Amino acid sequence: MEHADHVGLIRDAVGAGETWLELGSGTGAFTLALAELLGVDGTIHSIDSDRGALATQAKAMRARFAGVRFDQRTADFTRPLGFSGMDGVLMANSLHFVQDKAPVVALVRSYLRPGGRFVLVEYDADRGNLWVPHPIGYTTWLAVAPGAGFSATRLLGRVPSRFLNAIYSCVSTMPEGRVEAGNARDIDRPARPIRTVSKGIDMKKLLASLLAALLLAGACGGAGGSPGGTDVPAIRY
12 MEHADHVGLI
22 RDAVGAGETW
32 LELGSGTGAF
42 TLALAELLGV
52 DGTIHSIDSD
62 RGALATQAKA
72 MRARFAGVRF
82 DQRTADFTRP
92 LGFSGMDGVL
102 MANSLHFVQD
112 KAPVVALVRS
122 YLRPGGRFVL
132 VEYDADRGNL
142 WVPHPIGYTT
152 WLAVAPGAGF
162 SATRLLGRVP
172 SRFLNAIYSC
182 VSTMPEGRVE
192 AGNARDIDRP
202 ARPIRTVSKG
212 IDMKKLLASL
222 LAALLLAGAC
232 GGAGGSPGGT
242 DVPAIRY
């Protein structure tokens with residue numbers, strides 16, 4: 012892909028003058044795209060564990076976007092980084108190096124302001140190879156994003172790839188109010204019923220009433236099919 016392709020994949024999710032965090036930024040292909048879209052009033056915090064890649068990135072930024080506020084940190088993005096209030100977090104072809112994605116996505120969520128955006132650029136596949144070990148396809152991400160605490164997800168773009176069919180980009184948005192997601196580990200498991208016990212309620216009487224209602228419904232007959240509807244398998248990402 013060329014620079015114009017990188018810009019095109021994230022353009023609709025990035026606003027001028029915003030503050031963004033990029034995780035796994037590498038040599039800076041998408042860092043440069045962010046810089047073009049953010050402009051001189053924007054700020055980029057660039058994170059990667061490879062010092063050499065960050066040095067290449069810094070050189071490219073100085074040559075092309077010297078006016079953009081820009082800092083780097085050599086760090087492992089799977090560990091807490093201490094950011095908060097970001098307008099956006101970008102992960103471009105970096106999440107596929109992580110097998111257990113839920114804790115990383117929980118960290119991403121913690122870095123964003125209410126209404127902030129998480130832009131994901133990934134290979135559109137759920138099975139990888141030696142070079143792209145753990146991709147997550149768009150359909151899979153769309154299914155798990157609500158459980159990860161995002162209120163909306165939409166596709167931004169898609170380009171063909173010789174590697175794994177295609178690369179897509181999407182944006183997932185945080186709720187405007189600070190609404191915490193459930194335990195990130197629960198994303199990989201089927202939903203479980205919520206158990207509540209209220210004071211003052213005779214649970215034996217309640218259970219007896221429910222049993223009577225079920226027996227009555229069975230006696231009266233009902234629609235075919237299982238009571239719970241279609242079983243939905245757990246999605247692990």
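Heads up: the sequence shown begins at 12 in the numbering used here, then just goes up one per residue.
All residues carry an ideal CB built from backbone N, CA and C; glycine is no exception.
Keep in mind the model is a prediction, meaning the values are calculated, not measured.
Helix, strand or coil at residue i according to DSSP, with G and I counted as helix
i           : result
residue 185 : coil
residue 59  : strand
residue 171 : strand
residue 76  : coil
residue 21  : helix
residue 119 : helix
residue 125 : strand
residue 15  : helix
residue 164 : strand
residue 110 : coil
residue 150 : helix
residue 67  : helix
Cβ neighbours of residue i in the same chain (closer than 6 Å, five flanking residues each side left out)
i           : result
residue 88  : 34, 35, 58
residue 148 : 135, 136, 137
residue 54  : 30, 80
residue 17  : 40, 41, 44
residue 183 : 129, 156, 161, 164
residue 96  : 124
Selection from the options that minimises the alpha carbon distance to residue i
i           : options        : result
residue 181 : 140, 99, 139   : 99
residue 167 : 12, 25, 13     : 25
residue 67  : 37, 49, 86, 45 : 37
residue 186 : 127, 41, 69    : 127
residue 29  : 123, 150, 91   : 123
residue 188 : 175, 161, 80   : 161
residue 83  : 91, 90, 61     : 61
residue 71  : 91, 92, 45     : 45
residue 132 : 90, 165, 96    : 165
residue 252 : 20, 94, 23, 90 : For the chain, the structure presents residues 12 to 248; residue 252 sits outside this window and is missing.
Separation of residue j from residue i, as counted between CA atoms
i           : j           : result
residue 64  : residue 15  : 21 Å
residue 6   : residue 144 : Past the edges of the chain, shown from 12 to 248, lies residue 6, and the structure says nothing about it.
residue 119 : residue 129 : 8 Å
residue 141 : residue 108 : 10 Å
residue 101 : residue 173 : 23 Å
residue 32  : residue 73  : 18 Å
residue 115 : residue 75  : 31 Å
residue 48  : residue 86  : 25 Å
residue 106 : residue 146 : 7 Å
residue 121 : residue 151 : 22 Å
residue 178 : residue 170 : 5 Å
residue 139 : residue 153 : 18 Å
residue 92  : residue 103 : 18 Å
residue 90  : residue 176 : 31 Å
residue 21  : residue 13  : 13 Å
residue 23  : residue 69  : 25 Å
Other residues of its chain near residue i: CB distance less than 7 Å, five sequence neighbours each side excluded
i          : result
residue 78 : 51
DSSP bridge partner residues for residue i (one or two, in chain order)
i           : result
residue 134 : 178
residue 266 : Only positions 12 to 248 of the chain appear in the structure, and residue 266 is not among them; the question remains open.
residue 101 : 33, 130
residue 54  : 30, 80
residue 85  : 59
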